[in-house]
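The block underneath contains the structure these notes are about, expressed in structure tokens.
Protein chains: 2
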Amino acid sequence: MSSDEADDLVFKALADSRRRRILDLLKDAPRTTGDLCERFEGVLDRCTVMQHLGVLERAGLVIARREGRSRWNYLNAGPFKDIYDRWISAYASEAVDLLARLKRDLEGPVEA
Amino acid sequence: MSSDEADDLVFKALADSRRRRILDLLKDAPRTTGDLCERFEGVLDRCTVMQHLGVLERAGLVIARREGRSRWNYLNAGPFKDIYDRWISAYASEAVDLLARLKRDLEGPVEA
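Chains A and B are the protein sequences, given in the same order. Under this note's numbering, the residue at position 20 of the first sequence is numbered 16, and the numbers go up by one with no gaps. Under this note's numbering, the residue at position 108 of the second sequence is numbered 104, and the numbers go up by one with no gaps.
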């Protein structure tokens, strides 16, 4: 698979709000597939959640590990780091940090 | 437009290798539409380049500014920063940096 094809998979996987929601849930800690299905209960059926997880896994955004009868899903930060490195040059990164700091200072509490 | 719809536009715009290539060209400095068209000469015609620029602009990934007869296209780092902030938590960010440093050390020249 070429690097372009791999990137296509990443961005196509991210172009769906339900898959982005799954990644949000995996951001702070890995979760079992059962746990993820529970969180989407009434919104997505188990089969649909597993299909979305498959798309995320093929894109390399989720890494799955079997443990007994459970399947643990981990967010892979690598592709996000690649996106950041590709388009935010050192200069832009500094500028973005500066703007974020400025915004924080402007919105922060006024000191006496 | 909801935040989900805005994110859809961003990732659909990024899910095309030619649009990613345009963003690569804008990474270090803004470029005129004419300059971008020249760089794709023989690959994409002017009309196609402008269509792709339109998709990138509607997604907020490119900001365009008119100056006389030229249209200058700027990369907007904001959406990339949002992607990074959304999925790479402070903890993950540290881990990613650590791994990058480790990789660099392992691949670096052996010191005497």
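Cβ coordinates follow ideal geometry from the N, Cα and C atoms, glycine included.
Tell me the DSSP secondary structure of B/A60 in three-state form. Along the second sequence, read from residue 1 onward, the residue named residue 60 of chain B stands at position 64. Look at B/A60 here: in three-state DSSP terms it is strand.
Per-residue contacts from A/A11 into chain B (C-beta, under 7 Å): As a working mapping, residue 11 of chain A is identified with position 15 in the first sequence. Listed along chain B are D4, F7, K8 and A11, each with a C-beta nearer than 7 Å to that of A/A11.
For A/V6, which residues of its own chain have a beta-carbon under 6 Å away from its beta-carbon, when the five flanking residues on both sides are left out? In the first sequence, counting from the first residue as 1, residue 6 of chain A sits at position 10. These residues qualify, in order along the chain: A55 and P75.
Bridge partners - B/Y70, DSSP secondary structure assignment: Here residue 70 of chain B refers to the residue found at position 74 of the second sequence. Paired residue(s): B/I59.
Enclosing alpha helix (DSSP H) for B/F7 [first to last residue]: As a first step, residue 7 of chain B is located in the second sequence; it is residue number 11 there, counting from the start. Counting along the chain, the unbroken alpha helix (DSSP H) around B/F7 starts and ends at S(-1) to L10.
Among B/R17, B/D78 and B/D0, nearest to A/D3 - alpha-carbon criterion: In the first sequence, the residue the question calls residue 3 of chain A occupies position 7. Closest option to A/D3, Cα to Cα, is B/R17.
Per-residue burial, B/R27 [other beta carbons within 10 Å of its own, 16 or more giving buried]: Position 31 of the second sequence holds residue 27 of chain B. So B/R27 ends up on the buried side.
Mind listing the chain B neighbours of A/Y80? Cutoff is C-beta to C-beta under 7 Å, in chain order. As a first step, residue 80 of chain A is located in the first sequence; it is residue number 84 there, counting from the start. Within 7 Å Cβ-Cβ: F76 and Y80.
So with Cβ pairs under 8 Å, would you call A/I84 a contact of chain B? As a working note, residue 84 of chain A is residue 88 in the first sequence. Using beta-carbon distances, A/I84 counts as an interface residue toward chain B, with a partner under 8 Å.
Nearest-angstrom Cα separation, counted from A/R35 out to A/D78: Mapped onto the first sequence, residue 78 of chain A falls at position 82. Mapped onto the first sequence, residue 35 of chain A falls at position 39. Here the alpha carbon of A/D78 sits roughly 29 Å from the alpha carbon of A/R35.
Cross-chain neighbours of B/L98 in chain E, by beta carbon under 8 Å: Here chain E cannot be found, since the structure's protein chains are A and B.
Close beta carbons around B/D24, own chain, < 8 Å, minus the five adjacent residues each side: Against the second sequence, residue 24 of chain B aligns to sequence position 28. Hits under 8 Å: none found.
Is the CB of A/D0 under 8 Å away from at least one CB in chain B? Here residue 0 of chain A refers to the residue found at position 4 when the first sequence is read from its first residue. At a cut-off of 8 Å between beta carbons, A/D0 contacts chain B.
By DSSP, does B/R97 sit in helix, in strand, or in coil? The residue labelled residue 97 of chain B in the question sits at position 101 within the second sequence. Helix, per DSSP.
Taking the CB atoms as reference points, tell me whether B/L19 and B/L98 lie closer together than 8 Å. Along the second sequence, read from residue 1 onward, the residue named residue 19 of chain B stands at position 23. Along the second sequence, read from residue 1 onward, the residue named residue 98 of chain B stands at position 102. In this structure, B/L98 does not lie closer than 8 Å to B/L19 by Cβ.
Contacts around A/L21, its chain only, beta-carbon distance under 8 Å, and the 5 residues preceding and following it disregarded: Counted from its first residue, the first sequence places residue 21 of chain A at position 25. Hits under 8 Å: R27, L32 and R35.
Closest by C-alpha distance to A/R62, when choosing among A/A9, A/R100 and A/T29: In the first sequence, counting from the first residue as 1, residue 62 of chain A sits at position 66. Looking at the Cα atoms, A/T29 is the closest of the given residues.
Residue span of the alpha helix (DSSP H) that contains A/R54, given as start and end: In the first sequence, residue 54 of chain A corresponds to position 58, counting from 1. According to the DSSP assignment, A/R54 belongs to the alpha helix (DSSP H) that extends over R42 to R54.
Residues in its own chain within less than 7 Å of B/Y51 by CB, not counting five upstream and five downstream? On the second sequence, residue 51 of chain B is found 55 positions in, with the first residue counted as 1. Per the sequence presented here, residue 51 of chain B reads as Val, with Tyr not at that position. In its chain, beyond the 5 residues on either side, A9 and R15 have a beta carbon closer than 7 Å to the beta carbon of B/V51.
Beta-carbon separation of A/I84 and B/A73 under 8 Å? For this step, residue 84 of chain A is matched to residue 88 along the first sequence. For this step, residue 73 of chain B is matched to residue 77 along the second sequence. The answer is yes: Cβ separation under 8 Å.
Between B/L102 and chain A, is there a C-beta pair that is closer than 8 Å? On the second sequence, position 106 is the one that residue 102 of chain B refers to. By this cut-off, B/L102 is not an interface position.
Tell me where the alpha helix (DSSP H) around B/G104 begins and ends. Here residue 104 of chain B refers to the residue found at position 108 when the second sequence is read from its first residue. Run containing B/G104: none; DSSP gives neither H nor E here.
When every heavy atom of the ligand COA is checked, does at least one fall within less than 7 Å of the C-beta of B/S(-1)? Among the ligands in the structure shown, none appear at all, so the ligand COA cannot be discussed.
Looking at the secondary structure, which residues open and close the alpha helix (DSSP H) in which A/R14 lies? In the first sequence, counting from the first residue as 1, residue 14 of chain A sits at position 18. Per DSSP, A/R14 belongs to the alpha helix (DSSP H) from S13 to L22.
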